[in-house]
DNA sequence: CTCACATATATGCGATGTCCAATAGATGTC
DNA sequence: GACATCTATTGGACATCGCATATATGTGAG
């Protein structure tokens, strides 16, 4: 139910086509929210249908025409309503932990491989997050800038925590002979 | 696709009814995996249909009869296959971060409330995780015990990280006048 | 000339998941 | 006696999601 609002939020910053939306989502909120391309188009259609957004066809000569979507007053109100609504926090699913939970069916060596793979993936993700250009003076970008940098910092902090936890977990496993 | 395997994994530890399964899931893997009750029953039916588990009706006099589910050899093999299969790690969705990302549409005071609410929820979750009895000698419970304690430690580590991040984020907001 | 790639949108389908409600006996409480 | 709670299962309705696939045009590489 929240992709609607995420899209509404991004469109409120700047009107966009579905195609551009996909790219912006991947680059900005990608580390805590993903969206399938087809799902984006479907959601956009739903927003238009419900009057929360309007689409305007922009004729382009060097490219296929695109549908530019903007948030309506109704959509803006819905966005505010959502922001003020209570947030029920269901624990997020962690497939990796789910696997580790049952991994004692495998030999210890395999478990180490599981942890190593996880470490490699996380290192990459962390590097990608850290590579994002951070302006020296964050406050320059106003409240929105501070908040968006905070979500980035969140991703970095959790990635580091996960790496530390991997270290600790591998040390625990060292005591166990394979 | 993974609830199947989570259930298979738990059933491999001990045969259970759907009802007990729900409780065990909530108490053991609850902090990184949730399952709706009706979904559990449907998944169990699917497992039986596919021959990965068998159900046996146990007549109880003081309670309604129950269906005890056990993993078959086929199910056990499937579990091992899943453990060895590559794990594609899609970033988990964080509705709270999604909201914070667009929260600059609200007055700063509201944003602080958002953070405070999050802090209260997390403190509760952290306390719940820390309250879980941890045996002094974890290795006593073998490899499985070590791994399961590791998933618990993971939850605790991330909860603490999130609380620290909340502190830092609130400090950042202090500089901004409401 | 062909093939890959970027732009741009759309539909079908199945898997998965949540919410809600119904059923039903036993036990406990006010 | 009424009402809630625990055990235990089932089904319908509906939303969401991800994957695959289709279509169309322009650009640049080889």
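Protein chains in written order, with this note's numbering: chain A, 1 to 178; chain B, 1 to 178.
A virtual CB, placed ideally from N, CA and C, is assigned to each residue, including glycine.
Check: What did DSSP end up calling residue 89 of chain B once you bin it into helix, strand or coil?
Finding: coil
Check: Which same chain residues, not among the five before or five after residue 110 of chain B, have their C-beta less than 8 Å away from its C-beta?
Finding: 103
Notebook entry, point to check: Thinking C-beta only, is residue 122 of chain B closer than 9 Å to residue 163 of chain B?
Noted result: yes
Check: Is residue 67 of chain B near residue 17 of chain B, with beta carbons less than 9 Å apart?
Finding: yes
Checklist line | Rounded straight-line distance, which links the Cα of residue 84 of chain B to that of residue 73 of chain A | finding: 51 Å
Item checked: Bridge partners - residue 56 of chain A, DSSP secondary structure assignment -> A:68
Next item on the list: Tell me, please, whether the CB atom of residue 27 of chain A is closer than 9 Å to any CB atom in chain B?
Entry: no
Checklist line | Counterpart residues of residue 16 of chain A in DSSP-defined beta bridges | finding: A:69
Checklist line | Straight-line Cα distance separating residue 20 of chain A from residue 152 of chain A | finding: 21 Å
Note to self: Restricting to Cα atoms, I'd like to know which of B:12, B:80, B:3 is closest to residue 38 of chain B.
What the structure shows: B:3
Checklist line | Sequence ranges, alpha helix (DSSP H) only - wholly within the segment 95-175 of chain A, length at least 4 | finding: 95-101, 108-131, 142-174
Item checked: Identity of the residue in B:53, B:22, B:56, B:52 nearest residue 40 of chain B by Cα -> B:22
Item checked: Contact under 9 Å by Cβ, residue 173 of chain A with residue 87 of chain A -> no
Notebook entry, point to check: Counting only beta-carbon atoms, is residue 169 of chain A nearer than 9 Å to chain B?
Noted result: yes
Checklist line | Residues of the segment 91-108 of chain B whose Cβ lies closer than 8 Å to any Cβ of chain A, in chain order | finding: 91, 92, 93, 94, 95, 96, 97, 98, 99, 100, 101, 102, 103, 104, 105, 106, 108
Notebook entry, point to check: Given that residue 172 of chain A touches chain B, what residues does it touch there, using C-beta distances under 7 Å?
Noted result: 146, 150
Check: Can you list, in chain order, the residues of its chain whose CB lies under 8 Å from that of residue 170 of chain B, leaving out five sequence neighbours each side?
Finding: 112, 115
Next item on the list: Using a Cβ-Cβ cut-off of 9 Å, state whether residue 162 of chain A counts as contacting chain B.
Entry: yes
Margin query: Counting only beta-carbon separations shorter than 9 Å, does residue 40 of chain B have a partner in chain A?
Written below: no
Checklist line | Closest residue to residue 130 of chain A among A:158, A:63, A:144 (Cα-Cα distance) | finding: A:158
Check: According to the neighbour-count rule (16 or more other Cβ atoms, all chains shown, within 10 Å of its Cβ), is residue 13 of chain B buried or exposed?
Finding: exposed
Margin query: In the DSSP assignment, the alpha helix (DSSP H) including residue 46 of chain B goes from what residue to what residue?
Written below: 37-49
Checklist line | Residue environment, residue 125 of chain A, which counts as buried when at least 16 other CB atoms sit within 10 Å | finding: buried
Next item on the list: Compare the C-beta of residue 180 of chain B with all C-beta atoms of chain A and state if any pair is closer than 9 Å.
Entry: In the structure as shown, chain B begins at 1 and stops at 178. Residue 180 of chain B is therefore absent and cannot be evaluated.
Next item on the list: Starting from the beta carbon of residue 154 of chain B, find every residue of chain A whose beta carbon is closer than 7 Å, and list them in chain order.
Entry: 97, 165
Notebook entry, point to check: Expressed to the nearest angstrom, what Euclidean distance is found between the alpha-carbon atoms of residue 46 of chain A and residue 35 of chain B?
Noted result: 28 Å
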